[in-house]
Amino acid sequence: MSAAPKVAALRGGHVSLAAAADAFLATPRMDNPNTQRAYASAVDRVIALLGRDRPVAEVGDAEIGTALTELWGASAAATWNRNRAAIASWLSWCRTMKHWAPPSVPADAERRKESADETRAVAKTTIHRLLSRRDIPLRERALWRMLYETAARAAEILALNVGDVDLEHRRAPVRSKGGAVEWVYWDSGTAHLLPRLLRLPDGSTRTQGPLFLSERRPVPARRPAAADICPHTGRARLGYDRARVLLDKHAGLDLHQLRHSAATHLGEAEVPLQLIMGKTRHKNPRTAMRYVKPGPEAIAKVTEVLAPRRRTH
Numbered sequence: 310m311s312a313a314p315k316v317a318a319l320r321g322g323h324v325s326l327a328a329a330a331d332a333f334l335a336t337p338r339m340d341n342p343n344t345q346r347a348y349a350s351a352v353d354r355v356i357a358l359l360g361r362d363r364p365v366a367e368v369g370d371a372e373i374g375t376a377l378t379e380l381w382g383a384s385a386a387a388t389w390n391r392n393r394a395a396i397a398s399w400l401s402w403c404r405t406m407k408h409w410a411p412p413s414v415p416a417d418a419e420r421r422k423e424s425a426d427e428t429r430a431v432a433k434t435t436i437h438r439l440l441s442r443r444d445i446p447l448r449e450r451a452l453w454r455m456l457y458e459t460a461a462r463a464a465e466i467l468a469l470n471v472g473d474v475d476l477e478h479r480r481a482p483v484r485s486k487g488g489a490v491e492w493v494y495w496d497s498g499t500a501h502l503l504p505r506l507l508r509l510p511d512g513s514t515r516t517q518g519p520l521f522l523s524e525r526r527p528v529p530a531r532r533p534a535a536a537d538i539c540p541h542t543g544r545a546r547l548g549y550d551r552a553r554v555l556l557d558k559h560a561g562l563d564l565h566q567l568r569h570s571a572a573t574h575l576g577e578a579e580v581p582l583q584l585i586m587g588k589t590r591h592k593n594p595r596t597a598m599r600y601v602k603p604g605p606e607a608i609a610k611v612t613e614v615l616a617p618r619r620r621t622h
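At position 244 of the sequence shown the residue is numbered 553 (this note's numbering), and the sequence of numbers has no breaks.
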């Protein structure tokens with residue numbers, strides 16, 4: 310082999326974007342299925358836009374910035390930052406672990422400042438009205454109610470499979486951020502909707518595959534893992550980005566607001582912090598306290614204590 314081909318191979322000249330993505334997504338750091346799914350979603354969308362078969366070394370920094378902007382430029386800051394970080398991590402891995410010469414995330418595609426308002430709590434009455442609306446499809450009502458009643462992270466619930474769900478005891482195991490298996494619990498609202506969600510058109514019930522499914526079957530370019538395909542319908546697992554878009558479309562809310570609102574409403578009901586931490590599975594009381602802030606309804610109610618006592622005759 311001449312010097313030029315050796316240099317090209319070292320720089321990833323013969324490695325396609327798809328091959329680089331597959332190698333990255335097969336690393337041990339992706340053992341957590343939630344992590345693997347989140348990174349795969351971002352990386353797959355970017356390489357589909359740039360050309361899956363293009364050599365890594367031929368893609369420029371500006372193209373990465375353009376792809377990020379086209380895919381998530383109009384999204385909330387948290388969504389932009391999450392997907393930008395996934396792409397940056399992939400490209401950095403290609404450079405440091407494989408000694409390829411991938412592009413970089415350009416300086417003008419910088420992280421965005423996340424507003425605290427993006428995760429503000431919503432009044433309990435607003436949540437209940439939303440979850441009672443009959444114009445919302447069954448899947449969305451079941452997902453939003455489950456997120457609220459479990460106070461779980463959206464990625465954890467979207468990662469559930471049908472076999473994980475214990476309908477009798479209203480609970481399911483989820484994989485936490487640290488990789489540990491923890492349990493989430495729901496109430497009668499979710500319990501009422503889940504059997505309907507699992508029912509097939511012929512009257513039978515889904516017994517395998519993802520709990521929450523996308524609207525249609527995936528195109529070949531999306532290449533979801535077998536575990537993310539329903540064997541009954543051929544449809545893929547509902548993705549985080551799609552779930553986020555639908556909640557914003559119907560209610561103007563962010564997925565995390567359901568978890569935040571649940572914690573806040575528990576605090577307003579004077580549930581002890583220790584139990585709220587058990588429900589939300591926060592390990593640090595200081596972290597949990599950020600979520601347990603009284604809303605306007607609770608503040609208005611406690612203000613009544615300051616009012617003068619009424620005279621009785």
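Backbone N, C-alpha and C define an ideal beta-carbon position, used for all residues, glycine too.
Would you call residue i buried or exposed, if buried means 16 or more other Cβ atoms sit within 10 Å of its Cβ?
i, result
"I608", "exposed"
"V554", "exposed"
"H501", "exposed"
"L615", "exposed"
"Q583", "exposed"
"K315", "Because K315 carries a pLDDT of 42, less than 50, the predicted location of this residue cannot be relied on, and the following value inherits that uncertainty. K315 should be labelled exposed."
"W492", "exposed"
"A329", "buried"
"D537", "buried"
"V414", "buried"
"L319", "Annotation note: pLDDT 45 at L319 (below 50); position unreliable, coordinate value reported separately. L319 is exposed by the Cβ-count criterion."
"L520", "buried"
"T589", "buried"
"R443", "exposed"
"V601", "buried"
"L326", "buried"
"T596", "exposed"
"H437", "exposed"
"R526", "exposed"
"L439", "buried"
"T284", "Within the shown structure, residues of the chain are numbered from 310 to 622, placing residue 284 beyond reach of any answer."
"R618", "exposed"
If you draw a straight line from the alpha carbon of residue i to that of residue j, how long is it in whole angstroms?
i, j, result
"I356", "V471", "30 Å"
"K350", "I373", "Before going on, a small fix: residue 350 reads as Ser here, not Lys. Between S350 and I373, the C-alpha separation is close to 16 Å."
"S401", "F333", "10 Å"
"A468", "L567", "17 Å"
"M339", "T612", "50 Å"
"V324", "L503", "44 Å"
"L506", "H574", "27 Å"
"A432", "S570", "7 Å"
"D496", "L564", "19 Å"
"G576", "R599", "11 Å"
"P411", "D511", "50 Å"
"P364", "M586", "48 Å"
"P342", "S441", "32 Å"
"A397", "T516", "38 Å"
"E524", "T336", "30 Å"
"L509", "H478", "23 Å"
"E458", "L452", "10 Å"
"V368", "E379", "16 Å"
"L359", "R546", "24 Å"
"P603", "P581", "13 Å"
"W399", "G382", "19 Å"
Which of the three DSSP states, helix, strand or coil, is assigned to residue i?
i, result
"S662", "Outside the displayed span of the chain (310 to 622) sits residue 662, for which this structure offers no information."
"R484", "strand"
"I538", "strand"
"P364", "strand"
"P581", "coil"
"E427", "With a pLDDT of 47 at E427, under the threshold of 50, the modelled position of this residue cannot be trusted; read the value that follows with caution. Looking at E427 - three-state DSSP - the assignment turns out to be helix."
"L522", "strand"
"A418", "coil"
"T336", "coil"
"D331", "helix"
"T516", "coil"
"R546", "strand"
"A616", "coil"
"D475", "strand"
Just curious, the beta strand (DSSP E) that residue i is in, first and last residue?
i, result
"V414", "V414 -> no beta strand (DSSP E), and no H or E assigned at all."
"W492", "V490 to Y494"
Taking the alpha helix (DSSP H) that residue i falls in, what are its first and last residues?
i, result
"W402", "A386 to K407"
"R462", "It is not in any alpha helix (DSSP H) - R462 carries neither H nor E in the DSSP assignment."
"K610", "P605 to T612"
"G436", "Per the sequence presented here, residue 436 reads as Ile, with Gly not at that position. Its alpha helix (DSSP H) spans residues K433 to S441."
"D563", "Note, D563: premise wrong, no alpha helix (DSSP H); not H, not E."
"G374", "D370 to W381"
"I356", "P342 to L359"
"H501", "S497 to L507"
"R599", "P594 to Y600"
Compute every distance between the C-beta of residue i and the non-hydrogen atoms of the ligand ADP, then say whether any falls below 7 Å.
i, result
"A468", "Summarising the ligand content, the structure contains no ligands, and the ligand ADP is consequently not present."
Can you check whether the C-beta of residue i is within less than 8 Å of a C-beta belonging to chain B?
i, result
"A383", "In the structure shown, chain B does not exist; there is a single protein chain."
- Message: Any contact between the region 555 to 563 and the region 444 to 452? By contact I mean 3 or more CB pairs, one from each, below 8 Å.
- Response: Short answer: they touch.
- Query: Contact between the region 335 to 355 and the region 391 to 408: three or more CB pairs below 8 Å?
  - Reply: Judged by Cβ distances under 8 Å, the region 335 to 355 makes contact with the region 391 to 408, as three or more pairs qualify.
- Contact between the region 405 to 422 and the region 538 to 551 (3+ Cβ pairs under 8 Å): The region 405 to 422 makes no contact with the region 538 to 551; the number of CB pairs closer than 8 Å stays below 3.
- Message: So, does the region 477 to 488 touch the region 450 to 466, judging by three or more C-beta pairs under 8 Å?
- Response: In short, these stretches touch, since the Cβ pair count reaches three.
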